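All remarks here apply to the structure that follows.
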Amino acid sequence: MDNFDQDPQSSASVGQSNDNRQDAEEGSLHIDLDQSDGGKAKPWPPGVSAAGEDRDGMMISDAEGVILRVNQIFFAITGYTAEEAVGRKTDLLRSGRHGADFYAAMRESLHRQGTWKGEVWARRKNGEVFPGLFTITATKGFAGDVTHYVCTFRDTSMGKERPQQQTEEQAYYDPLTGLPNRRLMRDRLKQALAATARHQRGGALLFVDLDNFRTVNDSHGYDRGDLLLREVARRLSVALREADTVARIGGDEFAVVLTDLSGNVEASSVRAKTVGRKILSTLGELYLISGEKIHCTPSIGITLFGDQRVSDDKLMAQADIAMYQAKAAGRNTLRFFDPKTQEAMKARVDMEEGLLQGIRNNQFVLHYQPKVCVKTRAVIGYEALLRWNSPTLGMVPPAQFIPIAEDSGLIVDIGNWVIDEACRQIAAWHAAGYGFREVAVNVSALQLKSGRLAEQIAEACSRHGIPASALEAELTESVVMSDPHQAKEIFQKLRISGIRLTVDDFGTGYSCLAHLRRLPIDVLKIDRSFVMDADRDEDAVEIVRTIMALAKTLNLDVVAEGVETESQAQLLEEAGCDIFQGYLFSKPLPVNDIDQMLREETKPMLRKIKRAMIVEDSAQMRELIHMALDCFGAEEIINAGNGAEAIACLEDSGADIVIMDWRMDVMDGLECTQRIRAGIPGVDPTIPIILLTGFAGKAAESAAYDAGVDHFMKKPFSLRTLHSALEKVLTRSGPVLVRRPQMFGHREARYEEAVQ
33 MDNFDQDPQS SASVGQSNDN RQDAEEGSLH IDLDQSDGGK AKPWPPGVSA AGEDRDGMMI
93 SDAEGVILRV NQIFFAITGY TAEEAVGRKT DLLRSGRHGA DFYAAMRESL HRQGTWKGEV
153 WARRKNGEVF PGLFTITATK GFAGDVTHYV CTFRDTSMGK ERPQQQTEEQ AYYDPLTGLP
213 NRRLMRDRLK QALAATARHQ RGGALLFVDL DNFRTVNDSH GYDRGDLLLR EVARRLSVAL
273 READTVARIG GDEFAVVLTD LSGNVEASSV RAKTVGRKIL STLGELYLIS GEKIHCTPSI
333 GITLFGDQRV SDDKLMAQAD IAMYQAKAAG RNTLRFFDPK TQEAMKARVD MEEGLLQGIR
393 NNQFVLHYQP KVCVKTRAVI GYEALLRWNS PTLGMVPPAQ FIPIAEDSGL IVDIGNWVID
453 EACRQIAAWH AAGYGFREVA VNVSALQLKS GRLAEQIAEA CSRHGIPASA LEAELTESVV
513 MSDPHQAKEI FQKLRISGIR LTVDDFGTGY SCLAHLRRLP IDVLKIDRSF VMDADRDEDA
573 VEIVRTIMAL AKTLNLDVVA EGVETESQAQ LLEEAGCDIF QGYLFSKPLP VNDIDQMLRE
633 ETKPMLRKIK RAMIVEDSAQ MRELIHMALD CFGAEEIINA GNGAEAIACL EDSGADIVIM
693 DWRMDVMDGL ECTQRIRAGI PGVDPTIPII LLTGFAGKAA ESAAYDAGVD HFMKKPFSLR
753 TLHSALEKVL TRSGPVLVRR PQMFGHREAR YEEAVQ
């Protein structure tokens, strides 16, 4: 209940003399409540008892709202005896369910009409809140000023009025906490805006959102979550003035309407901030719920309102924006609404709507960035990188829209599209004769948590008829570590289906090391921050070396992304990196450009190598030469163990090229070359010959060329170097079918390591 003071300049006139009866008869009711006569109260004033003392509670207060007299029904309804009530203010019955604007309207009616009647939620002595029908009448003295208020009220909680009260309670109050709900809060906010416009004293709207409340529900159960919400409601109610409104407007979201802060914007801001900090402190204290200790903090958004015309909808949107800014700032803090933030939020909302349209209208495309084998500099696969071709914004890079897609949940649909499109493109390349190209796709945390990632990838591979091994799933280290047990379960499903698995941005979260050996992964991808600093920061290089050593121990490949300079590439190669990815080799390219690269892997077939001979006693070296010859379409490859066997094979079937080692038993490569050049029946004496040797020095090279060798190669050499030598020698007599070394992979490069 409010104090019924209408005129701050008026004073109570208790115990006036009977000389004022004429004024009472002329319209002003004088009430003599002088109890000095033996301590006995005089009878109720004429006409007052007619209100129905047998049913209605009654109290009479002075102009300041101090209770002077109550009846027995007052005690029966409220639980307060006359001794407990008299001398106290009428606000001892306040429930806290009505805001300042409710009482302002009551005072306005009493001032203008002398009476007010309406439904009020009041509080009994035992703390129980009850609905009542209240009638308040102002009485005036001989001078026309208010001297007393007579209030009669009826408890409607058990009477015929109760169904209506129940309906109102359900419509305007939150059943869990008993606080006003969103609907009533909006009504009070509108009243506050109207009062602010009249009195020129500003107010504030606060949105209070609990941090990580979902985790509380998941960890402690929904029952304790409900009890926590009730305790939050209680703490908020205690922390604020009775004139303020506290409401629960969502699951774990509360609103506070502060009124009558100040006539000055700066002062209003300071007071609102003080209240906000008080809420942070109060709600941030430890909770003891059903014997369990729970820590839960709030994030608070604040927007001020004053004499400017602004709608309640706009204020709520501003408070919501400010609250999300507090979340973004690290939670457990407060933020005031900033118009610039509103512009950013509007752009964010527009982009979210645009993303939704992008999904519906197929506006997304994939670009592909080549991944290059360190040893051969050969393209061994691609990473599919998402682009949004917006009709209004143009080609939008992922850094601008992926965070919004993740926050809105749209990333699941977008991620599923990426998987399907990558599989479709792999199938298209295979149909064009380029084989099953390996493509890596990025997987989000929400896709992982959906529980259907393995099934969705398997379905996409099956739908497009590609082997699962052609697809590689990349997940960031932070995503993996958010739930390592779930990640392990899903990874095992993916591994069983044949999909390769990569942990991306590795090195940013060392907690992953403890779980790494338990996860069925194939590749570690070093975070680009270490790669970018590799040529200028020794600490970054040391981290890279540590990751390399760990990966080799676990038999994992290592990809360095963000390689942009030769010095970075050299340092990473020396550290033991397997695969490069970055602008040094290629930026992400649209599929048409990748198609052109694939077409350039072959030259027009004017002459085909039918038969090639390898004269080498090392099996590993023969395997390496085989891989190089595969690029030239050799139909048959003949192996000989020494020079004598080579001569015999040439006499029997001939060859288009001979690649042989210098040092061999029975007949070495130099003598064999001299025999071929001297002439062998049925063998072309000009046949191209490449001589391989571990010798060093000008003398050995001169001896080889003097014997008639076409190309002299010193061991060890790279596969790419051998490929170039073959192309140089074979094209001397005209163009041949050549496939570029992009077809080589990092796995083949390990043969090269073995023979060096």
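Sequence positions in the sequence shown follow our numbering and run 33 to 788. Beta carbons are placed, not taken as given, at the ideal position from N, Cα and C, and that holds for glycine. Computed from a predicted structure; not experimentally measured.
Answer with buried or exposed for residue i, where buried requires no fewer than 16 other C-beta atoms within 10 angstroms of its C-beta.
i: residue 232; result: exposed
i: residue 607; result: buried
i: residue 379; result: exposed
i: residue 586; result: exposed
i: residue 331; result: buried
i: residue 598; result: exposed
i: residue 450; result: buried
i: residue 93; result: buried
i: residue 718; result: exposed
i: residue 579; result: buried
i: residue 320; result: exposed
i: residue 632; result: exposed
i: residue 68; result: Caution is warranted here: a pLDDT of 34 is assigned to residue 68, below 50, making its placement in the model unreliable, and the coordinate value is therefore given only provisionally. Looking at its Cβ environment, which holds fewer than 16 other Cβ atoms inside 10 Å, residue 68 is exposed.
i: residue 418; result: buried
i: residue 517; result: exposed
i: residue 424; result: exposed
i: residue 84; result: Confidence is the limiting factor: at residue 84 the pLDDT is only 43, short of 50, which leaves the residue's position unreliable, though a coordinate-based value still follows. Exposed, since its Cβ has fewer than 16 Cβ neighbours within 10 Å.
i: residue 303; result: buried
i: residue 737; result: exposed
i: residue 784; result: With a pLDDT of only 40 at residue 784, under the threshold of 50, the placement of this residue in the model should not be trusted, and no figure is reported.
i: residue 521; result: exposed
Please say whether residue j and residue i have beta carbons closer to each other than 8 Å?
i: residue 603; j: residue 583; result: no
i: residue 706; j: residue 739; result: yes
i: residue 694; j: residue 688; result: no
i: residue 721; j: residue 741; result: yes
i: residue 811; j: residue 509; result: Past the edges of the chain, shown from 33 to 788, lies residue 811, and the structure says nothing about it.
i: residue 476; j: residue 504; result: no
i: residue 686; j: residue 714; result: yes
i: residue 412; j: residue 406; result: no
i: residue 158; j: residue 210; result: no
i: residue 148; j: residue 127; result: no
i: residue 444; j: residue 389; result: no
i: residue 416; j: residue 473; result: yes
i: residue 298; j: residue 240; result: no
i: residue 523; j: residue 553; result: yes
i: residue 762; j: residue 641; result: yes
i: residue 293; j: residue 235; result: yes
Where do the N-terminal and C-terminal ends of the alpha helix (DSSP H) with residue i fall, by residue?
i: residue 440; result: 430–440
i: residue 668; result: First-last for residue 668: 668–672, but that is the beta strand (DSSP E), not the alpha helix (DSSP H).
i: residue 562; result: 560–564
i: residue 115; result: 114–117
i: residue 226; result: 214–231
i: residue 694; result: It is not in any alpha helix (DSSP H) - residue 694 carries neither H nor E in the DSSP assignment.
i: residue 261; result: 254–271
i: residue 662; result: 651–662
i: residue 677; result: 675–685
i: residue 704; result: 701–710
i: residue 485; result: 485–496
i: residue 455; result: 443–463
Can you tell me where the beta strand (DSSP E) with residue i in it begins and where it stops?
i: residue 148; result: 147–155
i: residue 179; result: 178–187
i: residue 292; result: 285–294
i: residue 753; result: Note, residue 753: premise wrong, no beta strand (DSSP E); alpha helix (DSSP H) at 751–762.
i: residue 299; result: Note, residue 299: premise wrong, no beta strand (DSSP E); alpha helix (DSSP H) at 297–316.
Could you tell me how far apart the beta carbons of residue i and residue j are, in whole angstroms, since I believe they sit closer than 8 Å?
i: residue 288; j: residue 221; result: Their Cβ separation, rounded to whole angstroms, is 10 Å, which puts residue 288 and residue 221 out of contact at 8 Å.
i: residue 732; j: residue 725; result: 6 Å
i: residue 667; j: residue 657; result: Not really, about 16 Å apart at Cβ, beyond 8 Å.
i: residue 563; j: residue 594; result: 5 Å
i: residue 616; j: residue 601; result: 6 Å
At least three beta-carbon pairs within less than 8 Å, the stretch 105–123 to the stretch 216–224: Touching, no.
Sufficient close CB pairs (3 or more, under 8 Å) joining the stretch 251–270 to the stretch 362–375: Between the stretch 251–270 and the stretch 362–375 there are fewer than three C-beta pairs closer than 8 Å, too few to call the two in contact.
Three-pair Cβ contact test at 8 Å for the stretch 517–535 versus the stretch 488–507: Segments in contact, yes.
Segment contact flag, the stretch 398–409 with the stretch 621–628, C-beta cutoff 8 Å, min 3 pairs: In short, these stretches touch, since the Cβ pair count reaches three.
Segment contact, 8 Å Cβ cut-off, at least three pairs: the stretch 172–179 with the stretch 235–252: Flag = no, the stretch 172–179 and the stretch 235–252 do not touch.
Sufficient close CB pairs (3 or more, under 8 Å) joining the stretch 265–273 to the stretch 305–314: As far as the Cβ criterion goes, the stretch 265–273 touches the stretch 305–314, which means the pair count is three or higher.
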